[in-house]
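Data first, discussion second: the structure below is written as structure tokens.
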Amino acid sequence: MLPYGRQWIDEADVAAVAEVLTSDWLTTGPWVRDFEHAIAARGGAKHAISCTSGTAALHIAYAAAGVGPGDEVITTPMTYVATASGAMHHGATVVFADIEEDTGNLDPEAVDAVVSSRTKVIAGVDYAGQPVDMDRLSAIAHRIGALTVEDAAHSIGSTYKGRPIGSLADLTTYSFFPTKNMTTAEGGAVLTDDDALAVRANEFHTIGVSRDRSTYRHPDEGAWWYEVPAIGLNYRLSDVHAALGLSQLGKLDDFKARRAALFARYQEALADVDELRLPTVRPWADPTWHLYPVRVLGGRRREVFEKLREAGIGVQVNYIPVYWHPVFEDLGYRQGMCPNAEQFYREEISLPTFAALSFAEQDRVIGTLREILGA
Ligand SMILES: *Cc1c(COP(=O)(O)O)cnc(C)c1O
């Protein structure tokens, strides 16, 4: 089965990992430090905190933002469940706002309609790699004293109005799962320019431990002393994973170019198919295309999905509206809340898109899809 996404690992990646395994450090060593510096530089942010997954990164970001019981976090239903559940782990209520019907990204106008005095965070997602309109989301958030979180699991390497993803929101989160734009096997990161947010993120991801003597309640103890001002979790990334990440990061521009070429070929080869609606690109977006999300019109999504799978083409649906999951239904969320997201879900199929996909393999996807549609 041709997958919808997969990693690209080369000899340099293997060598980087092997080097760590025989070094003095398996975790919390120099590779983690170097990876964090490189990720922060790439994202145009002052700080990066690496962690064990994109899900952990969201949990950490919401912790740093001070999200807690009684707070509301506004986000999109067109995402992976972790964008919402990360806030719920802190006891917050998630408020879903609808998407722009063309890009699949959170609609600032829909956000503006649901903000309240309880809104603590507005969390956008860069769907498929295309940046959410963060200038508009930030303007809304900062007007009401809330913070922005950008779930950039799809979009490392993308730019928004020429600025890198990582420099736009108060807190940005990445995922380094194998299907994403670059990988550490499992892994993630939180980026921020704000020193206080960075301290809180760092402490939460390392069990709550503070090593800043200037903030200690009991500063007169010996050199062994550290304090836990608030509890956290062990979300540390290992040096083994960080070494892979550092090696992968060096290839991100190449990965982006390959994904861009695949995206352009899909756009070109499917442009005349009336049964499909192809993705829209905003003029200010230069995405690293994580997904190629095509919309199947005329109620034929299920048929097309099943026939592509039968033909050995591993398509995916991104995403089931988050609040359709039973855990949300049990909390009182109901179908119909975000009609654009629901319509998007009913039509969407993600075609295979990854740096190592050959043009010949892509041509087979295109040919099979056209054949199924009789186009
Ligand atoms: C993959 C993904 C996550 C979670 O990342 P993991 O590393 O798999 O935990 C969160 N949000 C979005 C939009 C994702 O695609």
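Numbered by my numbering, the letters in the sequence shown go through residues 2 to 376 in order.
Note that beta-carbon positions come from the ideal geometry of N, C-alpha and C, so glycine has one too.
Checklist entry - Leaving out the 5 sequence neighbours to the left and right, which residues in its chain are closer than 7 Å to G313 when beta-carbon positions are compared? => result Along the sequence shown, read from residue 1 onward, the residue named residue 313 stands at position 312. So the qualifying residues of the chain are M2 and L3.
Item to check | Proximity winner among D331, E330 and I166, relative to T289 (alpha-carbon distances) | outcome: Your numbering for residue 289 matches position 288 in the sequence shown. Cα-wise, what sits closest to T289 is I166.
Item to check | Enclosing beta strand (DSSP E) for R296 [first to last residue] | outcome: Along the sequence shown, one-based indexing puts residue 296 at 295. From DSSP, the beta strand (DSSP E) with R296 extends over Y293 to V297.
Next on the checklist: Quick test of your reading: E73 and T120, contact by CB under 8 Å. State the CB separation rounded to the nearest angstrom.
Outcome noted: Your numbering for residue 73 matches position 72 in the sequence shown. Your numbering for residue 120 matches position 119 in the sequence shown. About 5 Å separates the two Cβ atoms, so the contact holds.
Item to check | Nearest residue (CA-CA) to D35, options L22, E20 and S51 | outcome: Reading the sequence shown from its first residue, position 34 is the one you call residue 35. Considering only alpha carbons, the answer is S51.
Item to check | Whole alpha helix (DSSP H) elements within the region 4-88, 4-residue minimum | outcome: Here the runs fully enclosed are 12-22, 31-44 and 55-65.
Checklist entry - According to DSSP, which residues form a beta bridge with I350? => result Reading the sequence shown from its first residue, position 349 is the one you call residue 350. The partner list for I350 (beta bridge, DSSP) reads V295.
Checklist entry - Could you give the residue range of the alpha helix (DSSP H) that holds K1? => result Since the first and last residues shown for the chain are 2 and 376, residue 1 lies out of range.
Next on the checklist: Looking only at its chain, what residues have a beta carbon closer than 6 Å to the beta carbon of R259, apart from the 5 residues adjacent to it on each side?
Outcome noted: Sequence index remark: in the sequence shown, residue 259 carries index 258 (1-based). Excluding positions up to five away in sequence, the list reads A356.
Next on the checklist: What residue range does the beta strand (DSSP E) around S176 cover?
Outcome noted: Taking the first residue of the sequence shown as 1, we reach residue 176 at position 175. L172 to S176 is the span of the beta strand (DSSP E), which, as asked, contains S176.
Checklist entry - Looking at Y63 and V122, is the spacing between their C-beta atoms short of 8 Å? => result One-based indexing of the sequence shown puts residue 122 at position 121. One-based indexing of the sequence shown puts residue 63 at position 62. Between V122 and Y63, the C-beta spacing is below 8 Å.
Checklist entry - Apart from the five residues just before and just after P294, which ones in its own chain have a Cβ nearer than 7 Å to its Cβ? => result Reading the sequence shown from its first residue, position 293 is the one you call residue 294. Counting only residues of its own chain and dropping the five nearest sequence neighbours on each side, P294 has a CB closer than 7 Å to the CB of G105, A129, P280, N319, E349 and S351.
Item to check | DSSP three-state assignment for K121, whether helix, strand or coil | outcome: As a first step, residue 121 is located in the sequence shown; it is residue number 120 there, counting from the start. If DSSP states are grouped into helix, strand and coil, K121 belongs with the strands.
Next on the checklist: Which complete alpha helix (DSSP H) runs does the region 167-247 hold, if anything under 4 residues is left out?
Outcome noted: 196-205
Checklist entry - With respect to the beta strand (DSSP E) encompassing F355, which residues constitute its N-terminal and C-terminal limits? => result Mapped onto the sequence shown, residue 355 falls at position 354. Where F355 is concerned, there is no enclosing beta strand (DSSP E), given that its DSSP letter is neither H nor E.
Item to check | Selected residue, minimal CA-CA separation from G163, among G188, V33, V305 and Q131 | outcome: By one-based count along the sequence shown, residue 163 stands at place 162. Out of G188, V33, V305 and Q131, Q131 has the C-alpha closest to the C-alpha of G163.
Checklist entry - Contact between the region 231-240 and the region 334-341: three or more CB pairs below 8 Å? => result no
Item to check | Same chain, Cβ closer than 6 Å to I40, five either side skipped, listed in chain order | outcome: If you number the sequence shown from 1, residue 40 lands on position 39. The answer, listed in chain order, is A49 and A190.
Checklist entry - Mind checking whether E276 and A376 have CB atoms under 8 Å apart? => result Reading the sequence shown from its first residue, position 275 is the one you call residue 276. Reading the sequence shown from its first residue, position 375 is the one you call residue 376. For E276 and A376, yes; Cβs fall inside 8 Å.
Next on the checklist: If the criterion is Cβ atoms closer than 8 Å, does the pair D127 and A111 meet it?
Outcome noted: Numbered from 1 along the sequence shown, position 126 holds the residue referred to as residue 127. Numbered from 1 along the sequence shown, position 110 holds the residue referred to as residue 111. Going by C-beta atoms, D127 is not nearer than 8 Å to A111.
Checklist entry - Excluding the five sequence neighbours on either side, which residues of its own chain have a C-beta within less than 6 Å of the C-beta of T56, listed in chain order? => result The count along the sequence shown starts at 1 and reaches residue 56 at position 55. The answer, listed in chain order, is A83.
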